[in-house]
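S.K.: Dropping a structure here in structure tokens format, bear with me for questions.
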Amino acid sequence: MVEALLSVKNLYRRFGGIVATDDLSLDVPRGELHAIIGPNGAGKTTLISQLTGQLLPNTGTIHFAGQDVTRLPAYRRSALGLARSFQITSLLKDFTAVDNVALAAQAHDGHSFRFWGKARAEPHLRKAAMAALERVGLGPRADAVVSELSHGEQRELELAVALAAKPQMLVLDEPMAGLGVTESARMVKLLQELRREVTIVLVEHDMDAVFALADRITVLVYGRVIACDVPAGIRQNAEVRRAYLGDQQVAGHG
Amino acid sequence: MTQSLNARNVVVVLVITGLALLPLYSSISGNIFVLTLFTRIVIFALAAVSLNLIMGYGGMMSFGHAAYLGIGGYAVGILAFEGIGSGFIQWPVALLASALFALVIGSLSLRTRGVYFIMITLAFAQMAYYIASGLARYGGDDGLTIYKRSDFGGLVNLSNRVQFYYVCLGCLFAGIYLVWRIVNSRFGLVVQGVRSNEQRMQAIGFHANRYRLVCFVIAGTMCGLAGALLATNTDFVSPSIMYWTRSGDLMVMVILGGMGSLFGPVIGTIVFLVLEESLSQITEFWALIMGPLLLLIVLFGRGGIDGWLGRLRRG
Amino acid sequence: MLLLVEQLLNGLQFGLLLFLLAAGLTLVFGIMDFVNLAHGSLYMMGAYFASTFAAWTGSFIIGVALALGATLLLGIVLEFVALRHLYGRDHLDHVLATFGLILFFNDAVRLIWGPAGLALPLPTWLTVPVQIVPGLFYPSYRLAIIVVSLFVAAMLYLVVMRTRIGMLIRAGASNREMIGALGINIKLLFTLVFGLGAALAGLAGLMQAPILTVQIGMGENILILAFVIIVIGGIGSIRGAFLAAIFVGMIDTLGRAYAPDLLRHILSPAAASTAAPALSSMLIYLLMAIVLVVRPEGLFPASKR
């Protein structure tokens with residue numbers, strides 16, 4: 007097997023008495039769209055916060071693009087090409103959409119200790135930002151302040167910000183959360199296109215989307231991996247059905 | 002930008018013109034007092050502009066900004082006392098000392114957030130205050146008189162009232178211009194982004210504290226310059242220049258004018274000091290009015306004067 | 099040796115006084131998330147009230163009791179009229195508004211009582227020194243401060259830890275939404291807590307009054323000390339405030355007592371006598387800086403928010 011782009015080994019993270027990530031190992035090869043599912047409280051967000059550096063694990067290692075990033079702060083991982091979106095939309099609320107994206111482009115365009123020139127007049131930053139906005143269909147809304155954007159538009163902007171960093175890997179935390187049916191469909195279509203260019207780790211509750219998109223799916227319960235397989239295999243997996251999918255089918259989606 | 006003729010810009014133009022022509026008015030009317038008052042105002046405005054850089058744009062609520070006034074002032078005073086009269090030495094030392102102080106306390110304070118940051122900056126400023134009180138050689142609590150103003154060769158004569166006023170005004174305008182360039186630069190956008198959402202900025206690849214710290218040092222240096230000017234203006238420097246209420250005054254000036262607006266702090270300073278001056282002429286107990294006024298401004302006047310001017314146009 | 103014991107007692111006494119001030123501050127801070135710079139003004143008002151009422155009634159005890167009531171009332175009025183409208187606002191707004199209040203109170207006091215300070219004379223039975231160990235006489239009034247403060251601290255502990263109101267206060271300090279969800283009248287609870295804090299500050303001020311003069315601005319330096327204490331102790335933590343207060347009281351007192359002698363070894367006597375008070379004042383801020391650098395949330399954070 008080719009060396010994985012992301013390789014997690016024996017990751018362990020505890021909060022007081024609660025084990026949120028329990029001896030978790032995971033490999034994501036380049037080009038894959040890898041979905042992570044699990045019931046609420048399974049430790050999905052905790053896991054990706056450790057992947058992108060907002061949280062540090064107690065033990066275990068994380069390798070990205072052949073480099074040990076276990077102890078690297080978030081901004082260093084971002085520089086290596088690891089970008090994330092947040093579950094609860096986390097944008098610069100008093101900035102315009104295009105400024106949000108341009109800052110992400112700026113972060114990967116040399117250093118920012120430039121005190122004099124007008125950053126908003128740098129054509130290549132603007133161009134990169136506009137391209138990312140067009141990509142997610144937000145081109146016409148470029149000059150709107152984030153707080154004026156709809157929820158769906160903010161989710162798309164999250165994605166544009168992550169894209170502007172030209173990442174090797176996108177880590178998306180529930181990009182579909184709170185979206186209506188049409189908005190969700192648009193997001194799925196967008197992800198279908200993006201997966202051709204970039205490796206994606208996707209945490210999502212929308213099972214239709216997950217099974218439509220994923221190459222492989224990892225199922226988390228109480229911080230443990232109970233299964234990791236292609237979608238068809240996950241569907242057949244008895245343990246998964248018992249622990250997770252079965253409940254969900256009874257309770258309905260959501 | 003199609004806002005060339007709104008209330009805010011009119012006020013800004015009026016203020017700039019007024020400040021520039023003030024010595025003319027003073028000499029025609031023979032009113033020297035107004036020049037003295039406005040020299041002080043211009044100096045404090047520079048301090049407020051520097052505080053606005055970290056507070057308004059950077060989101061760093063420093064409650065110890067007056068420390069730099071003291072450091073800049075004492076640098077000039079102590080060098081003058083020791084017989085080094087050249088402004089070309091005194092002033093760079095004042096700036097350097099302020100920058101160094103900002104670097105040290107900034108790198109410690111920026112480990113904390115929110116109220117803890119407010120308090121730790123206050124504590125460091127109080128430390129500086131007590132250090133100055135303990136300088137027996139330089140007057141301790143009683144302060145240090147500066148017998149001779151900085152000598153800039155034939156370039157400028159600081160003992161001339163009008164020339165000194167224009168030096169101060171030049172520094173203020175330069176400071177505002179600098180802040181304007183900074184907040185629109187790459188660096189400035191990052192700093193404002195960190196104020197808005199630190200976690201996000203880290204996630205897209207910025208080492209937030211490094212930018213914060215540099216911003217903190219720039220502001221401290223700028224305020225150190227104001228300190229040097231202030232000490233020159235009074236020919237005197239004492240620990241009380243950095244007492245914590247002075248830091249409070251500076252914060253009030255910034256908020257009153259409008260945080261995160263370029264000219265807000267200047268207008269805030271003018272309003273604050275003119276109000277203080279005129280109230281104290283009406284009554285000895287001016288703070289009886291000033292205090293509740295502050296409370297009312299906080300309760301009802303969001304966004305400061307600048308915010309109010311901005312709203313005028315939108316109706 | 100006896101001198102050291104005496105200084106330790108002085109340190110304890112000052113620390114306990116600081117605790118009274120810091121307790122109210124940290125409660126208000128922890129529960130309402132409100133930064134009250136005017137807390138020091140309440141301390142000052144306590145002292146002014148006490149000396150005025152004591153002079154009117156001719157009785158120290160009645161004067162003190164009336165002053166306590168008056169500060170409590172003042173705190174409640176202040177909260178009701180102005181400060182409650184600021185809950186939920188930015189901390190900066192709190193700082194500014196209460197900064198304005200300090201200006202107001204200082205000038206109001208100057209207007210009413212004049213710029214010269216007042217004195218609060220002690221009744222004779224509190225002026226006799228008490229022999230606590232053979233050869234060591236200690237002023238009975240300072241001893242009384244220690245006893246009263248310890249008593250109040252114990253009461254406070256019982257109220258906060260053992261009563262229903264205390265449970266609400268603790269719940270409020272760690273989770274503000276929860277007490278709202280319990281259907282408690284939060285506004286009333288907040289007003290009560292603020293009043294309690296004001297009374298504690300007033301108590302500290304009036305107890306300090308006979309030792310120092312009652313003067314304008316007396317609340318400011320000590321307020322900053324109280325802030326240092328709650329920051330060191332961890333905001334919202336009564337236990338942290340208690341320990342930090344004793345610690346700061348000791349450092350301040352011992353620093354003032356011994357720094358001049360220590361400095362004399364390295365400086366000229368004149369320089370040492372100027373530098374010593376500055377050095378001992380600095381020690382506390384240095385301590386706070388160290389604590390914040392090592393533990394940015396204070397030593398005993400009340401909760402992880």
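Protein chains in written order, with our numbering: chain A, 7 to 260; chain B, 2 to 316; chain C, 99 to 403. Cβ atoms here follow ideal geometry from the backbone N, Cα and C, with glycine treated the same way.
Check whether the stretch 102-118 of chain B and the stretch 212-219 of chain B touch, using three or more Cβ-Cβ pairs below 8 Å as the test.
M.R.: They touch, by the three-pair rule.
S.K.: Between Ala21 (chain B) and the rest of its own chain, which residues show a CB-CB distance below 8 Å, the 5 nearest in sequence each way excluded?
M.R.: Contacts found: Leu170.
S.K.: Measuring alpha carbon to alpha carbon, tell me which residue in C:Ala217, C:Ala242, C:Leu216 and C:Gly215 is nearest Val228 (chain C).
M.R.: Ranking C:Ala217, C:Ala242, C:Leu216 and C:Gly215 by Cα distance to Val228 (chain C) puts C:Ala242 first.
S.K.: When DSSP labels each residue in this structure, what does His69 (chain A) get in the three-state scheme?
M.R.: It is a strand residue.
S.K.: Interface residues of chain A around Phe174 (chain B) at Cβ under 7 Å?
M.R.: By Cβ distance, chain A contributes nothing, its closest Cβ being about 17 Å from Phe174 (chain B), past 7 Å.
S.K.: Between the stretch 145-159 of chain B and chain C, which residues of the former have CB atoms less than 7 Å from a CB of the latter, in chain order?
M.R.: Result list empty, no residue passes.
S.K.: Check Asp152 (chain B) in the structure and name its three-state DSSP category.
M.R.: In the structure shown, Asp152 (chain B) sits in a strand (DSSP, three-state: E or B).
S.K.: What does Val167 (chain A) reach in chain B if we use C-beta pairs closer than 7 Å?
M.R.: The contacting residues are Ile205.
S.K.: Examine chain C for any beta-carbon lying closer than 8 Å to the beta-carbon of Met120 (chain B), and answer yes or no.
M.R.: Closer than 8 Å: yes.
S.K.: Does the distance from the C-beta atom of Phe165 (chain B) to that of Gly88 (chain B) stay below 8 Å?
M.R.: Cβ atoms of Phe165 (chain B) and Gly88 (chain B): not closer than 8 Å.
S.K.: I want to see whether chain C comes within less than 8 Å of Pro293 (chain B), judged by CB atoms only; does it?
M.R.: Chain C contact via Cβ: present.
S.K.: Consult DSSP for Phe203 (chain C) and reduce its assignment to one of helix, strand or coil.
M.R.: The answer is helix: DSSP assigns Phe203 (chain C) an H, G or I state.
S.K.: Please go through the stretch 231-261 of chain B and give each complete alpha helix (DSSP H) segment of 4 or more residues, from N-terminal end onward.
M.R.: Fully enclosed alpha helix (DSSP H) runs of 4 or longer: 245-258.
S.K.: When burial is assigned at 16 or more other CB atoms within 10 Å of the CB, is Thr65 (chain A) buried or exposed?
M.R.: The residue is exposed, with fewer than 16 neighbouring Cβ atoms inside 10 Å.
S.K.: Run down chain A in chain order and give the residues with a C-beta less than 8 Å from the C-beta of Asn53 (chain B).
M.R.: What Asn53 (chain B) touches in chain A: nothing, since even the nearest Cβ is about 16 Å away.
S.K.: Report buried or exposed for Asp250 (chain B), applying the criterion of at least 16 other Cβ atoms within 10 angstroms of its Cβ.
M.R.: The residue in question, Asp250 (chain B), is buried, as its Cβ has 16 or more Cβ neighbours within 10 Å.
S.K.: Unbroken beta strand (DSSP E) runs of length 3 or more, entirely within the stretch 140-226 of chain B: which are they?
M.R.: Fully enclosed beta strand (DSSP E) runs of 3 or longer: not present.
S.K.: Would you please state the rounded distance, in angstroms, between the beta carbons of Thr102 (chain A) and Ala150 (chain A)? I believe it to be under 8 Å.
M.R.: Contact holds; Cβ gap of about 6 Å.
S.K.: I'd like to check one pair, Arg150 (chain B) with Thr222 (chain B): are the Cβ atoms closer than 8 Å?
M.R.: Their beta carbons are not under 8 Å apart, which means Thr222 (chain B) does not touch Arg150 (chain B) by this criterion.
S.K.: Using DSSP with H/G/I as helix, E/B as strand and the rest coil, what is Ala89 (chain A)?
M.R.: Ala89 (chain A): strand per DSSP, three-state reduction.
S.K.: Can you list, in chain order, the residues of its chain whose CB lies under 7 Å from that of Gly338 (chain C), leaving out five sequence neighbours each side?
M.R.: Answer for Gly338 (chain C): Gly331, Gly332, Gly396, Leu397 and Phe398, listed in chain order.
S.K.: Helix or strand or just coil, what does DSSP make of Ala26 (chain A)?
M.R.: Here Ala26 (chain A) sits in strand by DSSP.
S.K.: Taking Cβ-Cβ distances shorter than 7 Å, what residues in chain B pair up with Ala80 (chain A)?
M.R.: Going along chain B in sequence order, the residues near Ala80 (chain A) (Cβ under 7 Å) are Gln203 and Ala204.
S.K.: List the residues that DSSP assigns as beta-bridge partners of Arg19 (chain A).
M.R.: Its beta-bridge partners are A:Thr27.
S.K.: Any C-beta of chain B sitting closer than 8 Å to the C-beta of Ala138 (chain A)?
M.R.: No, Ala138 (chain A) lies away from the interface with chain B (no Cβ there is under 8 Å from its Cβ).
S.K.: What in chain C is Cβ-close to Gln127 (chain B), meaning under 7 Å?
M.R.: The answer, in chain order, is Ile322 and Tyr383.
S.K.: Around the C-beta of Arg122 (chain B), are 16 or more other C-beta atoms found within 10 angstroms, so that it is buried, or is it exposed?
M.R.: Before going further, note that residue 122 (chain B) is Thr rather than Arg in the sequence given. Thr122 (chain B) is buried by the Cβ-count criterion.
S.K.: Taking the alpha-carbon positions, what's the Ala302 (chain C) to Gly57 (chain B) distance?
M.R.: The straight-line gap from Cα to Cα measures roughly 37 Å.
S.K.: Give a yes or no on whether the minimum CB-CB distance between Tyr117 (chain B) and chain C is below 8 Å.
M.R.: Yes, contact with chain C.
S.K.: How far does the alpha helix (DSSP H) with Pro181 (chain A) in it reach, from first residue to last?
M.R.: From DSSP, Pro181 (chain A) is part of no alpha helix (DSSP H); its letter is neither H nor E.
S.K.: Let's test the definition: count the other Cβ atoms within 10 Å of the Cβ of Tyr146 (chain C) and tell me whether it reaches 16, buried, or not, exposed.
M.R.: Buried, by the Cβ-count rule.
S.K.: Listing by chain order, which chain C residues have their CB less than 7 Å from the CB of Met254 (chain B)?
M.R.: Those do not exist, as Met254 (chain B) stays about 11 Å from chain C at its closest Cβ, beyond 7 Å.
S.K.: Taking only beta-carbon atoms, is Ser139 (chain C) less than 8 Å away from chain B?
M.R.: By this cut-off, Ser139 (chain C) is not an interface position.
S.K.: Hey, does Gly73 (chain B) have any beta-carbon neighbour from chain C nearer than 8 Å?
M.R.: Taking Cβ atoms only, chain C never reaches closer than 8 Å to Gly73 (chain B), which makes this a no.
S.K.: Buried or exposed for Val226 (chain C), going by 16 or more other Cβ atoms inside 10 Å?
M.R.: So Val226 (chain C) ends up on the exposed side.
S.K.: Does any residue of chain A have a CB that is nearer than 8 Å to the CB of Ser186 (chain B)?
M.R.: Yes, Ser186 (chain B) lies at the interface with chain A (some Cβ there is under 8 Å from its Cβ).
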